[in-house]
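The opening residue of the first sequence carries number 12 in the working numbering; numbering runs sequentially from there.
Every residue, glycine too, gets a C-beta built ideally from N, C-alpha and C.
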Amino acid sequence: MAHWLIKSEPDAFSIDDLKRNKTEIWDGIRSYQARNYLMSAAVGDTAFFYHSNAKPPGIVGLAKFVATNVVDPTQFDPTSKYYDATSKQDAPRWITVKVKFVEKFRNEIPLDTLKATFSGDDLMVVRKGMRLSVTPVEESIAAQLLEMARAQ
DNA sequence: GCCAACGTTGGC
DNA sequence: GCCAACGTTGGC
Numbered sequence: 012m013a014h015w016l017i018k019s020e021p022d023a024f025s026i027d028d029l030k031r032n033k034t035e036i037w038d039g040i041r042s043y044q045a046r047n048y049l050m051s052a053a054v055g056d057t058a059f060f061y062h063s064n065a066k067p068p069g070i071v072g073l074a075k076f077v078a079t080n081v082v083d084p085t086q087f088d089p090t091s092k093y094y095d096a097t098s099k100q101d102a103p104r105w106i107t108v109k110v111k112f113v114e115k116f117r118n119e120i121p122l123d124t125l126k127a128t129f130s131g132d133d134l135m136v137v138r139k140g141m142r143l144s145v146t147p148v149e150e151s152i153a154a155q156l157l158e159m160a161r162a163q
């Protein structure tokens, strides 16, 4: 089972929104690199939920992938800002996952703590200029993050 | 609100 | 196929 970090702006979709909705199709991914990561994900993989453009930015909770190879419906919706007129119904370009709420952490892990604890090699999100919204997290790093997030 | 970093677009 | 221009992301 693999671990991931997924970014969202809380103004657009927050951990509390996921908690309320229970599950959500992770739509709007329009980066091939991020899409390719999601296409390599498996049901049961866990994802650290990261708030970007937040005060402070940081990891706020945990989610789980409950479906993979999900066709992002917004690519075929002309009213969506993620509409992609060049994507074909019989060969959808944007494939994503469905995520399920697991927990909201007792302790949010702010970005400055992440930077103080991990190198860019350990955790991609702390790299300067990192814009990718889906990144892999190694098992040992995931274990450390969970410990930090759940500490009393 | 600023701006560095990065991806994409389009002229050539 | 190069690369300048442009748009977006996202920390600060």
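Helix, strand or coil: which one does DSSP assign to residue i?
i: residue 130; result: coil
i: residue 26; result: helix
i: residue 144; result: coil
i: residue 13; result: coil
i: residue 138; result: coil
i: residue 46; result: helix
i: residue 119; result: strand
i: residue 35; result: strand
i: residue 162; result: coil
i: residue 152; result: helix
Can you check which of these residues, the options, is closest to residue i by C-alpha distance?
i: residue 23; options: 103, 126, 38 and 132; result: 38
i: residue 152; options: 134, 83 and 161; result: 134
i: residue 106; options: 12, 34, 20 and 51; result: 51
i: residue 78; options: 67, 72, 84 and 109; result: 109
i: residue 35; options: 17, 41 and 48; result: 17
i: residue 75; options: 49, 94, 97 and 67; result: 49
i: residue 53; options: 148, 14, 91 and 154; result: 14
i: residue 98; options: 91, 87 and 150; result: 87
i: residue 187; options: 148, 124, 46 and 30; result: No answer is possible for residue 187: it lies beyond the span of the chain, which begins at 12 and ends at 163.
With DSSP as the reference, please indicate the residues paired to residue i in a beta bridge.
i: residue 110; result: 35 and 76
Compute every distance between the C-beta of residue i and the non-hydrogen atoms of the ligand ZN, then say whether any falls below 6 Å.
i: residue 74; result: Inclusion of the ligand ZN in the displayed structure is not the case, the ligand content being empty and no account of it being possible.
If you scan the stretch 49-98 from start to end, which runs of the beta strand (DSSP E) of 3 or more residues do you find wholly inside it?
-> 57-62 and 69-82
Three or more C-beta pairs below 8 Å linking the stretch 50-70 and the stretch 112-132 = yes
Meets three-Cβ-pair contact criterion under 8 Å: the stretch 39-46 and the stretch 81-99 | yes
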